[in-house]
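Numbering of the sequence shown is given in UniProt numbering, commencing with residue 1 and proceeding in unit increments. Every residue gets a Cβ at the ideal spot worked out from N, C-alpha and C, and that includes glycine. Quick caveat: nothing in here was measured; it's all calculated off a predicted structure.
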Amino acid sequence: MFWKFDLNTTSHVDKLLDKEDVTLHELMDEDDILQECKAQNRKLLDFLCQQHCMEELVNLITHEPPVDMDEKVRFKYPNTACELLTSDVPQINDKLGGDETLLNILYDFLDHEPPLNPLLASFFSKTIGNLIARKTEQVIAFLRKKDKFISLVLKHIDTSAMMDLLLRLISCVEPATLRQEVLNTLALKCALCHCLQRQSNASQTLCDIIRLSRDQSNQLQDIPEPDPLLTALES
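In structure tokens, the structure reads:
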């Protein structure tokens with residue numbers, strides 16, 4: 001006797017995508033949306049990478065959900081949005097890292113007054129951090145045009161996610177020449193305002209920065225110029 005198996009199973013995500021009026025939130029309600037995204041479901045990625053969908057995803061991780069929502073589900077969509085944006089799928093990385101409108105929406109989160117919502121800050125830091133690692137040159141080129149970027153990060157340094165972002169900028173930027181440019185910028189800002197020294201969590205951050213900078217200096221023996229950030233912090 002032979003058993004018949006249906007090997008052409010269709011996910012519920014695919015079925016939803018067949019609807020003409022399917023919404024992003026409907027798809028985000030599906031438990032397997034992240035799995036389908038990481039599996040690079042072409043139909044799903046084409047939907048998610050539409051401009052209006054990407055803008056909605058970025059807005060979800062950078063704006064407070066309505067306060068009248070049930071706390072159990074209040075951050076459900078922002079969390080799912082962050083997981084999708086940081087799923088390390090090339091199509092999503094390319095769209096987010098190469099679109100200044102999306103990057104500006106993301107960047108505007110730093111303009112919020114402190115203290116930042118720690119959960120949203122973690123979503124922001126994770127998303128920017130992923131872009132720094134995967135779309136380094138595009139993101140650094142964007143941040144280079146933002147004169148207040150470092151000062152805004154330092155303004156929120158009491159939020160642990162901002163410290164994580166600062167450390168990622170120091171440790172994850174490649175190639176070495178680009179990292180050296182970032183370090184020069186950081187050293188300049190730190191020297192001008194000494195913001196780190198006035199923050200409650202500064203000592204641990206400074207220790208981490210010095211440790212990472214020393215490690216990086218040891219790995220970059222072919223670059224004759226001394227690490228400007230390490231020089232500024234140890235002086």
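Residue i and residue j closer than 8 Å at C-beta
{"i": "R179", "j": "I132", "result": "no"}
{"i": "I61", "j": "L85", "result": "yes"}
{"i": "P115", "j": "A161", "result": "no"}
{"i": "L165", "j": "G129", "result": "yes"}
{"i": "T127", "j": "C172", "result": "no"}
{"i": "E36", "j": "L24", "result": "no"}
{"i": "Y107", "j": "K135", "result": "no"}
{"i": "E55", "j": "I105", "result": "yes"}
{"i": "I150", "j": "T185", "result": "yes"}
For residue i, the three-state DSSP class (helix, strand or coil)
{"i": "I157", "result": "coil"}
{"i": "L7", "result": "Note that L7 has pLDDT 46, beneath the 50 cutoff, so the model's placement of it is unreliable and the number below is only indicative. Looking at L7 - three-state DSSP - the assignment turns out to be coil, as it is neither helix nor strand."}
{"i": "residue 236", "result": "Look at the range of the chain in this structure, 1 to 235, and you will see that residue 236 is not part of it."}
{"i": "A191", "result": "Since pLDDT at A191 reaches only 44, below the 50 mark, its modelled position is unreliable, and the value read off the structure follows with that caveat. Residue state, collapsed to three classes: helix."}
{"i": "T86", "result": "coil"}
{"i": "D111", "result": "helix"}
{"i": "G98", "result": "coil"}
{"i": "P65", "result": "coil"}
{"i": "residue 238", "result": "Residue 238 is absent from the structure shown; the chain starts at 1 and stops at 235."}
Residue nearest to residue i in terms of C-alpha spacing, selected from the options
{"i": "D32", "options": "H52, L16 and L166", "result": "L16"}
{"i": "residue 242", "options": "N79, Q50, P175 and L143", "result": "Past the edges of the chain, shown from 1 to 235, lies residue 242, and the structure says nothing about it."}
{"i": "I157", "options": "P90, Q138, H52 and S125", "result": "S125"}
{"i": "S87", "options": "F123, V22 and M69", "result": "F123"}
{"i": "I92", "options": "K38, L183, K145 and L143", "result": "K38"}
{"i": "L143", "options": "L120, R74 and E100", "result": "E100"}
{"i": "E26", "options": "A141, Y77, I140 and T10", "result": "Y77"}
{"i": "C49", "options": "G98, I170, P66 and D29", "result": "G98"}
{"i": "V139", "options": "E113, D70 and D94", "result": "D94"}
{"i": "T10", "options": "V22, N41 and E113", "result": "N41"}
Inter-residue spacing [alpha-carbon to alpha-carbon] between residue i and residue j
{"i": "L103", "j": "L96", "result": "7 Å"}
{"i": "C207", "j": "M163", "result": "12 Å"}
{"i": "D18", "j": "K148", "result": "44 Å"}
{"i": "H12", "j": "D46", "result": "16 Å"}
{"i": "L89", "j": "E181", "result": "Note on identity: in this sequence residue 89 is Val, with Leu being the wrong assignment. Approximately 28 Å, taken between the alpha carbons."}
{"i": "V58", "j": "R211", "result": "33 Å"}
{"i": "D111", "j": "K72", "result": "27 Å"}
{"i": "F109", "j": "K155", "result": "12 Å"}
{"i": "L183", "j": "I170", "result": "7 Å"}
{"i": "E20", "j": "P66", "result": "28 Å"}
{"i": "A121", "j": "F75", "result": "13 Å"}
Residue i: first and last residue of the uninterrupted alpha helix (DSSP H) it sits in
{"i": "R144", "result": "T136 to R144"}
{"i": "D46", "result": "R42 to L48"}
{"i": "K72", "result": "Looking at the DSSP string, K72 is not in any alpha helix (DSSP H), and its letter there is neither H nor E."}
{"i": "D147", "result": "Per DSSP, D147 belongs to no alpha helix (DSSP H) and is neither H nor E."}
{"i": "V13", "result": "H12 to L17"}
{"i": "L34", "result": "I33 to K38"}
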